[in-house]
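Below is one structure, written out as structure tokens; comments come after it.
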Amino acid sequence: MDLENRCHFNTKPMSTTNQTLSLEELLGPLTLKGAQEKKDFDRLSKYIEVSKISQPRSSSGGRAFEKSDAYDIRKVAPSHLKNISRVAKAREASSKKEKYVVHKREQPFLSNLLSGSMPEWANGAKPEASVGPFVQLDSRQVWFDFYPILTFSKLFFDGDISPALLFKPAGIRKLASKAFVAATEDVKEIRADLRRDVKIKDLKIKDKIVLPTRGTTITLGKGSIWIQSKYLADGAPVNGYTGLAIKGGTISFSKKPVNKGGSYKITATTKVLIELELDQPAGPAHSKDKFGQDAKDMKLKLSETLAFHFTKNTHGIDKIAPASWGLYGHGMAFNWGKATPVYNAGLSQILIPLKHKPTSLEVQSSNR
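Residue numbers (the numbering used here): 12 to 379.
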């Protein structure tokens, strides 16, 4: 992930003329012949009104055939051009802040390994919405993905201009909710003790509420956290970042950080301990057809927690929860054997080796 493109987009509004030209290039090739495509286009328009338009291809190289006569704007239906102009005017008139970056995708699924699927700046990111497919003038199908423009708190080491971490502290409401849950459990224990005639000790519920910006621990909210990759694995790109979807977690410091308006600064020797509750993605959707039935029947449980630490010059993994799968009627368990993470340049990902038992996959059943 390129941090500059991922988190700090230039939101300076374009003129209506420039917006129309960009939108004509982005949306002009769409044919909108079917009723569903026209309905999807209305939904697409609403998203584009609050989205930043990525760089048009013709100004950044593009494919040769996309500059052919088949893509001539004069071949676009006048009614479609009016729709595009309407969207451009709505974008300029809208007082809403840009919430997304739109990217036109040429592949039916998202992968950083496929050309035309994900832009380089979105590697590791997840679109909030996708609209399509649409059929273009050249009969190719395309989709439109909308990546949210996110704002984060940042953690810097003294003297660094790139943050080591980007994260979202939990809101007071979540912290109060956690304190309420903890207090509820204490009340249950008190009632149980009363039934057993056990002497009750004083309970200080207020001590359980810890604000996210105080002390040496920050509580994280649900969403994502981005770690400068070099603090996870040696050999990772210096300016690369690795993102994780999380339900929550904590960041702890060996020395109290300096907080200035949402940015935190620490010394080079400060140890940062990150404990995360990972958000497992949904598995394959079930449907009535029999295509891909083995994948639908697969039972995959990813690691639910991850803990790691780093200073400016050291890093390491502390704990990874077990994982498992059930595939082709065969079960396999995965456990971390304290192997060091490695960066795979071909995948542009950091991999953490896990030990598995049994050591081979045996196909015991299949729904072909």
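We put the CB at the ideal spot given by N, CA and C, even for glycine.
- Within the same chain, Cβ atoms closer than 8 Å to the Cβ of I361 are found at S240, L243, A244, A247, T253, P352, V353, Y354, N355, the five residues on either side in sequence being excluded.
- Here P89 is exposed. Its C-beta has fewer than 16 other C-beta atoms within 10 Å.
- It is roughly 45 Å from the alpha-carbon of T228 to the alpha-carbon of P144.
- Around A350, the same chain offers P364 as residues with beta carbons nearer than 6 Å, after the five sequence neighbours per side are excluded.
- Taking the Cα positions, E117 is about 29 Å away from D308.
- V269 is a Cβ neighbour of K276, given a cutoff of 8 Å.
- Residue pairing of N94 in beta bridges, as defined by DSSP: absent, with no partner found.
- Look at P40 here: in three-state DSSP terms it is coil, with no helix or strand label.
- Around the beta carbon of R102, 16 or more other beta carbons sit within 10 angstroms, so the residue counts as buried.
- Annotation for I363: no beta strand (DSSP E) segment contains it, and DSSP assigns it neither H nor E.
- Straight through space, the alpha carbons of S371 and E288 are spaced by roughly 29 Å.
- Under the DSSP assignment, I172 falls outside any alpha helix (DSSP H); it carries neither an H nor an E label.
- Partner residues in the beta bridge of Q147, as assigned by DSSP, are L41.
- Of the candidates P369, K44, I262, E315, the residue whose Cα lies closest to the Cα of Q147 is K44.
- Straight-line measurement puts the Cα of R97 at about 51 Å from the Cα of H320.
- Within the model, the alpha-carbon separation for I64 versus K108 is close to 13 Å.
- Listed as beta-bridge partners of A256 by DSSP are S235.
- Just measuring C-alpha positions, the residue of G337, K57, L177, H326 sitting nearest A256 is L177.
- By the C-beta density criterion, P369 is exposed, having fewer than 16 other C-beta atoms within 10 angstroms.
- Under DSSP, the beta-bridge partners assigned to M343 are W336.
- With contacts defined by Cβ atoms closer than 8 Å, S376 and G340 form a contacting pair.
- Excluding residues up to 5 positions away in sequence, A318 lie with their Cβ nearer than 6 Å to the Cβ of K330 in the same chain.
- In the DSSP annotation of this structure, the continuous segment of the alpha helix (DSSP H) that includes E48 starts and ends at 46-59.
- Setting aside the 5 residues that flank it on each side, S235 is surrounded in the same chain by G254, A256, each with a C-beta closer than 6 Å to its C-beta; the list follows chain order.
- DSSP places D308 in the uninterrupted alpha helix (DSSP H) bounded by 304-308.
- Closest in C-alpha terms to D51, from the list F155, I328, H114, D171, comes F155.
- Sequence-distant partners of S359 (beyond 5 residues in either direction) whose C-beta falls short of 7 Å from its own C-beta, in its chain, are N123, N134.
- In the same chain as E373, and ignoring 5 residues on each side of it, the C-beta atoms closer than 7 Å to its own belong to H341, in chain order.
- Annotation: the continuous beta strand (DSSP E) that includes L289 extends over 283-289.
- Cβ-Cβ separation between N378 and D300: approximately 12 Å, too far for a contact (criterion under 8 Å).
- Per DSSP, the unbroken beta strand (DSSP E) holding N355 starts and ends at 353-355.
- Under the three-state reduction of DSSP, P159 is assigned to strand.
- Per DSSP, reduced to three states, the secondary structure at A318 is strand.
- Among the bridge pairs identified by DSSP, W154 is matched with R116.
- Bounds of the beta strand (DSSP E) holding V269 are 269-271.
- As DSSP reads the structure, L311 sits in a beta bridge with W336.
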